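J.:
Number of protein chains: 2
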Amino acid sequence: MDHAIAAQFARLGKALSSPQRVLLLDFLAQGERPVEALATVSGMSLANASQHLRVLLAAHLVANRKQGLQVHYRLAGSAVLSFLASLQGLAESQLAEVAQAAHAHLAVVGDLDGVDHRELQRRVEAGEVVLLDVRPAEEYAASHLPGALSMPADKLRRRLTDLPRNAEIVAYCRGPYCALAVAAVEELRRRGFQARRLADGPVQWAQRRVRTESGPSPVPTNRRQPSPRKP
Amino acid sequence: MDHAIAAQFARLGKALSSPQRVLLLDFLAQGERPVEALATVSGMSLANASQHLRVLLAAHLVANRKQGLQVHYRLAGSAVLSFLASLQGLAESQLAEVAQAAHAHLAVVGDLDGVDHRELQRRVEAGEVVLLDVRPAEEYAASHLPGALSMPADKLRRRLTDLPRNAEIVAYCRGPYCALAVAAVEELRRRGFQARRLADGPVQWAQRRVRTESGPSPVPTNRRQPSPRKP
DNA sequence: ACAGTATTCAATTGTTCAATTGATTACAAT
DNA sequence: ATTGTAATCAATTGAACAATTGAATACTGT
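So, in structure tokens, the structure goes:
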């Protein structure tokens, strides 16, 4: 391999060499976001987030588009998403720290991990399972599992009455390293619901070619029976 | 995703952020090598190569073992190999420079790229194709395609008489970014042989789960008919 | 045109990194 | 024990990087 070509590969490594940029990519895996939202969610100053995004842009890992005053960033393509999946896979297999950290405070008894999404889909459609997407509404809108209800973590408590006590509740969020669904499941169990966490998130869906939908929640703020059934 | 977990992912990115380390990983993808060999082939000083290898070791991307005076390094597992494949895939899809560089001076008319290895294997066994592995002998020994002959690039000229003029010759080396097979094919064509390059190398074999063999060449320096036939 | 907002740019700081050099360790052979 | 060799360590240099700050740009709404 030539030095010049190795340097090109290293460009991608450099882009991934900062924890902040990895964090940004992970958020971008949830869908397109404006700079300010990314800065807030990753805990960086606006200018700093902007500069990190430019680095990712220079590495062609993200793309952006201007809409009014805001600049929306997104992953540069599905290749980036599947690469992130393989990076996470590598980290889990090679870095004991990652697996340990993940399973230490991010696991709940009865986690669904590496689940058969086709079977899950069938159970959702049959009404045996209520799927909860506990990410922020924008991330649900960008991409979610078919049949899932948008139930942002901070609104869960207020909407408990919408949830059935006879069906199993499966909550998911951004992926195996996201704490939202863990907290949601623990809360639900405390309230007497039968709840489990689905560890997969958009990165894993992409890797396993799981079908997704996009668009806003079918039941925005209504107080109706939210469990979707076959017509 | 937590900051601490992102930092773990970034460890891997950091390890890949230097062209020299990418180069080392690419050579290690060919098989286990002692430090000195890696330093030589990558054009680094011994101390420098050693330090880069320690960085890769700290990231758990490589492992080593001591044999006598020498320390032999190898990839830490097959997960690393498949990750390298996905890194190369990402680079090709996202960085126009890579694809361009590769196809500029590393392509030969009639390259086999993304070939069906099962079909290739059949033709090799049927004697319709002579497979040449033009990498150094150690790399051939570490892993090669079944039925391939070890024909290091620097010995090709002396062994031209071993090659058939009626069968097609397919040469491969370290992968799409390796120049050895390109040079070999051009040389062979000048001499009137019917030759093509197989762009795949060990990284691609791993990705496509192509069967490989290891061990020394079946015809070390003999002047015998080297074309392998079915018994 | 004007004010307001989202983002980017530019200059600065302290930190981290890559390569070189020379010294040191670990081991094998004799 | 002594010698030689492979690899690593330690200390140094200059270069690249991350975060902060304040200014500049680009666009919207009025």
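Those sequence lines, one after another, are chains A and B. Using the working numbering, the first residue of the first sequence is number 488, and each one after it goes up by one. Using the working numbering, the first residue of the second sequence is number 488, and each one after it goes up by one. Note that the Cβ used here is the ideal one computed from N, Cα and C, for glycine as well. As the structure is a computational prediction, the values presented were derived from the model and not from experiment.
1) How about Q587/B and L582/A: are their beta carbons less than 8 Å apart?
2) Check whether the Cβ atoms of A666/B and G614/B sit closer than 8 Å, and answer yes or no.
3) Distance check for H559/A and E519/A, CA to CA, integer angstroms please.
4) What are the uninterrupted segments assigned as alpha helix (DSSP H) that are 4 or more residues long and contained completely in the stretch 520-608 of chain A, given in chain order?
5) Determine, using beta carbons only, whether L511/B and L543/B come nearer to each other than 8 Å.
6) F570/B touches chain A at which residues, Cβ-Cβ below 8 Å?
7) Give me the Cα-Cα distance between G500/B and K501/A, rounded to the nearest whole angstrom.
8) On the three-pair Cβ rule with 8 Å, is the stretch 615-624 of chain A touching the stretch 657-672 of chain A?
9) For the stretch 547-558 of chain A, which residues have a beta carbon sitting closer than 8 Å to at least one beta carbon of chain B?
10) Measuring alpha carbon to alpha carbon, tell me which of P689/B, G530/B, V522/B ends up nearest D489/A.
11) Taking all protein chains shown into account, do 16 or more other C-beta atoms lie within 10 angstroms of the C-beta of H631/A, making it buried, or fewer, making it exposed?
12) For A693/A, which option in Q608/A, K553/A, G662/A has the closest C-alpha, if you only look at C-alpha atoms?
13) Would the beta-carbon of L685/A fall within 8 Å of that of V657/A?
14) Helix or strand or just coil, what does DSSP make of P713/B?
15) With a threshold of 8 Å between beta carbons, is R661/A in contact with chain B?
16) Three or more C-beta pairs closer than 8 Å, one from the stretch 564-584 of chain A and one from the stretch 562-582 of chain B: is that the case here?
17) In this structure, what does DSSP give as the bridge partners for S637/B?
18) Does DSSP classify A628/A as helix, strand or coil?
19) Kindly say whether R541/A, judged by its beta-carbon, lies nearer than 8 Å to any beta-carbon of chain B.
20) Buried or exposed: which applies to S701/A, given that a residue is buried once 16 or more other Cβ atoms fall within 10 Å of its Cβ?
21) Pull up the DSSP beta-bridge partners for E655/A, would you.
22) In chain order, what are the residue ranges of uninterrupted alpha helix (DSSP H) at least 4 long that sit wholly in the stretch 660-695 of chain B?
23) Provide the residue span of the alpha helix (DSSP H) that contains G486/B, from first to last.
24) Using only the alpha-carbon positions, how far apart do A493/A and L503/B sit?
25) Rounding to the nearest angstrom, what Cα-Cα distance links R698/B and E523/A in this structure?
26) For a quick check, are the C-beta atoms of D598/A and R683/A less than 8 Å apart?
27) Just to check my reading of the structure: A629/A and Q517/A have Cβ atoms closer than 8 Å, yes? What is that Cβ distance to the nearest angstrom?
28) Considering P703/B, what are the terminal residues of the alpha helix (DSSP H) in which it resides?
29) What residue does the alpha helix (DSSP H) around P509/A start on, and which one ends it?
30) Exposed or buried, which one is S573/B when buried takes at least 16 other CB atoms within 10 Å?
31) Interface residues of chain A around E584/B at Cβ under 7 Å?
32) How would you label Q554/B, buried or exposed, when you count the other beta carbons within 10 angstroms and need 16 or more for buried?
33) With a threshold of 8 Å between beta carbons, is V567/A in contact with chain B?
34) Could you round the C-beta distance between L593/A and R561/A to whole angstroms and report it? I think they count as a contact, below 8 Å.
35) Is R645/B buried or exposed, if buried means 16 or more other CB atoms sit within 10 Å of its CB?
36) Please confirm whether V509/B has its beta-carbon closer than 8 Å to some beta-carbon of chain A.
T.: Inspection of the coordinates gives the following:
1) no
2) no
3) 6 Å
4) 522-529, 533-545, 565-581, 583-592
5) yes
6) S573, L574, G576, L577
7) 6 Å
8) yes
9) H547, L548
10) G530/B
11) buried
12) G662/A
13) yes
14) With a pLDDT of 44 at P713/B, under the threshold of 50, the predicted position of this residue should be treated as unreliable, though the coordinate-derived value follows. Three-state DSSP puts P713/B in coil, outside helix and strand.
15) yes
16) yes
17) D620/B
18) helix
19) no
20) exposed
21) V616/A
22) 667-677, 689-695
23) Absent from the model: residue 486/B. The displayed extent of chain B is 488 to 718, so no value can be given.
24) 10 Å
25) 50 Å
26) yes
27) 6 Å
28) Per DSSP, P703/B belongs to no alpha helix (DSSP H) and is neither H nor E.
29) Checking the displayed sequence, the identity of residue 509/A turns out to be Val instead of Pro. V509/A -> alpha helix (DSSP H) spans 506-515.
30) buried
31) Q495
32) exposed
33) yes
34) In fact, because the Cβ distance is near 26 Å, the residues do not count as touching under 8 Å.
35) exposed
36) yes
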